[in-house]
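Engineer:
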Amino acid sequence: MIVAATAKVAGRRDLRPLLVVPGALWLLVFGVAPLVLLFAMSFWTSSIFGTTTDFTLDNYRVIADDPVYVQVLLQTLRIAATVTALSLLAGYPMAYFLASLGGGRRNFFLVLLFLPFWSSYVVRTFVWLPMLGRNGLVNTVLMEMGLISQPLDWLLYNEGATHIGLVYVYTLFMTLPIYLSLDRIDRKLIEAAADLGAGPFRTFARVTFPLSMPGVLSGCVMVFLLACGAYVTPQLLGGTSGMMFGNVIAPQYTVTNNWALGAALSVILVLVVFLCLVVFGRRVRLNDIFIGG
Amino acid sequence: MAALAAGSSPPLDVRQRGERARRILLWLYAGLFYCFLYLPILLLVVLSFNDSQTIGLPLQGATLRWYREVLGSPEMMWSIANSFMLGVVSAVIATLLALLMALGFRQEFPLKALLMKIILLPILIPGIVGGVIYLVFFGYGEMRFGVWSSALPVHITWVLPFAFLTLFPRIHGLDRSLEEAAADLGARPFTVFRRVVLPIIRPGVVATAMFAFTLSFDEFIRTLFVIGNERTAPVHLWTLLSDQMAPFLPAVGVLITVISMLVSFVGFAASARASRTG
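Chains as they are written, first to last, in our numbering: chain A, 1 to 293; chain B, 294 to 571.
1) On the three-pair Cβ rule with 8 Å, is the stretch 477-490 of chain B touching the stretch 373-391 of chain B?
2) Is Tyr157 (chain A) closer than 9 Å to Gly215 (chain A) when the C-beta atoms are compared?
3) Going by other Cβ atoms of all chains shown within 10 Å of its Cβ, with 16 needed for buried, is Pro584 (chain B) buried or exposed?
4) What span of residues does the alpha helix (DSSP H) with Thr125 (chain A) cover, start to end?
5) Terminal residues of the continuous beta strand (DSSP E) containing Ser47 (chain A)?
6) Using DSSP with H/G/I as helix, E/B as strand and the rest coil, what is Ala355 (chain B)?
7) Buried or exposed: where does Cys328 (chain B) fall if 16 or more other Cβ atoms within 10 Å of its Cβ makes it buried?
8) Between Leu460 (chain B) and chain A, is the shortest Cβ-Cβ distance under 9 Å, so that the two count as touching?
9) Should Ile314 (chain A) be labelled buried (16 or more other beta-carbon atoms within 10 Å of its own) or exposed?
10) Can you tell me whether Thr525 (chain B) is helix, strand or coil according to DSSP?
11) Using C-beta distances below 6 Å, list every residue in its chain close to Tyr60 (chain A), excluding the 5 sequence neighbours before and after it, in chain order.
12) Between A:Ala24, A:Tyr168, A:Leu155, which has its C-alpha nearest Leu132 (chain A)'s C-alpha?
13) By the 10 Å Cβ neighbour count, where 16 or more other Cβ atoms means buried, how is Asn139 (chain A) classified, buried or exposed?
14) Taking buried to mean at least 16 other C-beta atoms within 10 Å of its own C-beta, is Trp309 (chain A) buried or exposed?
15) With 8 Å as the C-beta to C-beta threshold (strictly closer), list the residues of the stretch 224-236 of chain A near chain B in chain order.
16) Taking the alpha-carbon positions, what's the Ala5 (chain A) to Pro22 (chain A) distance?
17) Could you tell me which whole beta strand (DSSP E) segments of length 3 or greater appear in the stretch 477-529 of chain B?
18) Need the endpoints of the alpha helix (DSSP H) that Thr51 (chain A) sits in, please.
19) Can you grab the Cα-Cα spacing for the pair Gly479 (chain B) / Val381 (chain B), in whole Å?
20) Pull the bridge partners of Asn343 (chain B) from the DSSP assignment, please.
21) When DSSP labels each residue in this structure, what does Thr208 (chain A) get in the three-state scheme?
22) Quick check on the DSSP output: the alpha helix (DSSP H) that includes Ser376 (chain B) runs from which residue to which?
23) Whole angstroms is fine: what's the gap from Gly31 (chain A)'s alpha carbon to Tyr433 (chain B)'s?
24) Could you compute how far the alpha carbon of Phe55 (chain A) sits from the alpha carbon of Ala40 (chain A)?
25) Rounded to a whole number of angstroms, what is the C-alpha to C-alpha distance between Gly293 (chain A) and Leu176 (chain A)?
26) Could you name the residues of chain B that Val123 (chain A) contacts, counting a contact when the two beta carbons are closer than 8 Å?
27) Given Gly295 (chain A), which residues of its chain have a CB within under 7 Å of its CB, disregarding the five upstream and five downstream residues?
28) Between the C-alpha atoms of Thr125 (chain A) and Thr51 (chain A), what's the straight-line distance to the nearest angstrom?
29) In angstroms with no decimal places, state the Cα-to-Cα distance between Val422 (chain B) and Phe43 (chain A).
30) Once the 5 residues before and after Phe513 (chain B) are set aside, which same chain residues still bring their CB inside 6 Å of it?
31) Of all the residues that make up the stretch 21-32 of chain A, which are near chain B by a beta-carbon distance shorter than 9 Å?
32) Within 10 angstroms of the Cβ of Ile426 (chain B), are there 16 or more other Cβ atoms? Answer buried if so, exposed if not.
33) Note the first and the last residue of the continuous alpha helix (DSSP H) segment covering Ile148 (chain A).
34) Give me the Cα-Cα distance between Leu134 (chain A) and Asp153 (chain A), rounded to the nearest whole angstrom.
35) Can you list, in chain order, the residues of its chain whose CB lies under 6 Å from that of Val363 (chain B), leaving out five sequence neighbours each side?
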């Protein structure tokens with residue numbers, strides 16, 4: 001509406017900003033409105049007869065009183081942070097490798113990196129069951145090598161498996177922005193550092209790494225965000241000890257039908273994630289995260 | 294270059310040797326990384342042909358029966374068809390909305406920064422919340438849950454930000470002088486768009502639509518909560534996974550993967566061509 005008004009003020013020539021109206025309206029209805037409803041519902045009352053609009057703070061009280069929720073929330077943040085760190089450790093050298101390649105080779109290895117991510121999230125998580133299971137590849141190889149005599153049971157259905165699964169599923173979102181920001185570094189700067197007598201490690205620590213920080217931050221924010229909202233991976237691989245906040249939210253809708261409590265839990269997760277975004281996002285411009293710092 | 298620039302400080306061959314060692318290490322690391330990426334997928338492909346009632350090793354001879362079973366299952370085929378149609382329709386609508394928005398974003402207008410944040414919102418909301426939020430929204434509005442009634446708007450909303458973010462840099466970087474020339478020669482705005490802008494950005498638009506298709510085709514968590522009794526391919530795989538570890542599951546995974554990889558690859562090629570020509 002405001003958009004329309006100013007276009008009119010600007011005269012009949014420039015109506016082009018109006019082109020954003022359909023998309024903006026769509027996002028207001030299907031992006032913003034559901035979030036507002038969720039927020040409102042977190043103050044409503046759910047019973048076996050359904051959810052009514054009676055205002056209450058009980059949902060938040062239940063969450064505050066039961067230590068399980070806080071515990072799982074902290075566990076979720078911890079897992080997300082560890083997964084982010086692991087992805088950074090795994091992804092940075094990979095990004096460096098890609099940025100060091102020449103044209104044709106680089107495209108080949110880039111496609112090779114993308115390929116697994118062009119497959120459903122569910123499939124990419126599911127592949128770890130036959131990897132880590134009792135009669136899976138890891139156990140079979142270890143037994144063939146004579147390192148173990150019995151298949152290991154602890155490879156799957158715990159926090160470790162959740163970590164592996166999440167790193168596997170999200171590593172591209174770390175590697176790609178780092179690669180893009182490494183690729184953007186002016187080669188002359190690195191050569192200049194070398195000319196001035198800096199060794200390769202010093203050049204990396206003082207020139208390359210600082211210049212790749214936008215990509216590192218983008219990747220970290222992205223992976224952390226994605227990991228906080230995980231549901232499939234902990235559900236399939238995590239067992240009971242590798243549970244995350246998503247696995248506490250979902251049953252409120254699929255099992256107990258306590259929509260209001262589920263809404264309150266969701267609001268808490270959204271707030272925590274947005275808080276993290278505000279803290280770290282100040283250094284990264286939000287759109288850079290997706291276009292790749 | 295490095296050798297030429299080395300000058301006097303460290304002896305030349307030492308430097309070169311260090312360079313080579315680092316290069317080898319980097320390649321070794323990349324090899325390990327690709328193993329980590331591909332080993333599980335290759336294992337899945339191998340197991341999809343394994344003639345065994347349990348998913349896992351040892352290998353007990355090759356068979357095509359799991360593929361026959363999957364391709365012969367009407368539910369499976371329906372779920373793939375649903376995913377396919379949903380992907381096409383949501384890709385077309387989302388790309389269109391994103392294209393209009395990207396064209397509008399070339400101008401300045403009030404609340405532009407706020408709108409940018411709203412565009413990013415569907416990506417920033419944690420996945421699981423992105424699922425329940427629509428269950429609540431459509432459930433409270435007492436809408437019927439299904440592929441076309443609830444899953445379609447959810448998919449369009451999910452795909453829209455990505456479509457916008459891939460299109461926007463391309464459209465933003467367009468040389469305006471061409472359009473101005475056309476306008477000066479008397480072309481009306483729509484004609485300028487159709488005859489000048491569209492031919493330039495078409496490959497980018499096609500690539501975006503492909504990208505949007507795969508995002509929709511692979512979408513799971515947001516779909517799970519609003520699909521009701523109907524099924525998309527990833528949701529069908531999920532229900533099979535939760536039910537029992539049926540021996541044909543690897544074949545299902547491979548099929549879903551092959552379809553989205555094929556489309557993505559075509560999209561990637563289109564996008565590579567787009568960035569070369571425009």
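Cβ atoms here follow ideal geometry from the backbone N, Cα and C, with glycine treated the same way. Please read all numbers here as calculations on a predicted model, not as lab measurements.
Structural biologist: This is what the structure holds:
1) no
2) no
3) The structure shown does not extend to residue 584 (chain B), since chain B is modelled only from 294 through 571, so no value can be given for it.
4) 121-126
5) 45-47
6) strand
7) exposed
8) no
9) Lying outside 1 to 293, the shown extent of chain A, residue 314 (chain A) is not represented and no answer is given.
10) coil
11) Ala264
12) A:Leu155
13) buried
14) The structure shown has nothing for residue 309 (chain A), since chain A only spans 1 to 293.
15) Leu225, Leu226, Cys228, Gly229, Ala230, Tyr231, Val232, Leu236
16) A caution first: Ala5 (chain A) carries a pLDDT of 45, below 50, which makes its placement in the model unreliable, though a value can still be read off. Each residue's alpha carbon lies about 16 Å from the other.
17) none
18) That residue, Thr51 (chain A), is in no alpha helix (DSSP H); its beta strand (DSSP E) goes 50-52.
19) 37 Å
20) B:Ala355
21) helix
22) 367-397
23) 16 Å
24) 9 Å
25) Per-residue confidence for Gly293 (chain A) stands at a pLDDT of 34, beneath the threshold of 50, marking its modelled position as unreliable; the derived number appears in the next sentence. Using only the alpha carbons, I get a separation of about 10 Å.
26) Leu337, Pro527, Leu530, Gly546, Ile549, Thr550
27) This structure cannot speak to residue 295 (chain A), because chain A is shown only from 1 to 293.
28) 34 Å
29) 17 Å
30) Pro527
31) Val21, Pro22, Gly23, Ala24, Trp26, Leu27, Leu28, Val29, Phe30, Gly31, Val32
32) buried
33) Where Ile148 (chain A) is concerned, there is no enclosing alpha helix (DSSP H), given that its DSSP letter is neither H nor E.
34) The residue you asked about is not Leu; residue 134 (chain A) is Arg in the sequence shown. Roughly 6 Å between the two C-alpha positions.
35) Met369, Phe541, Ala544, Val545
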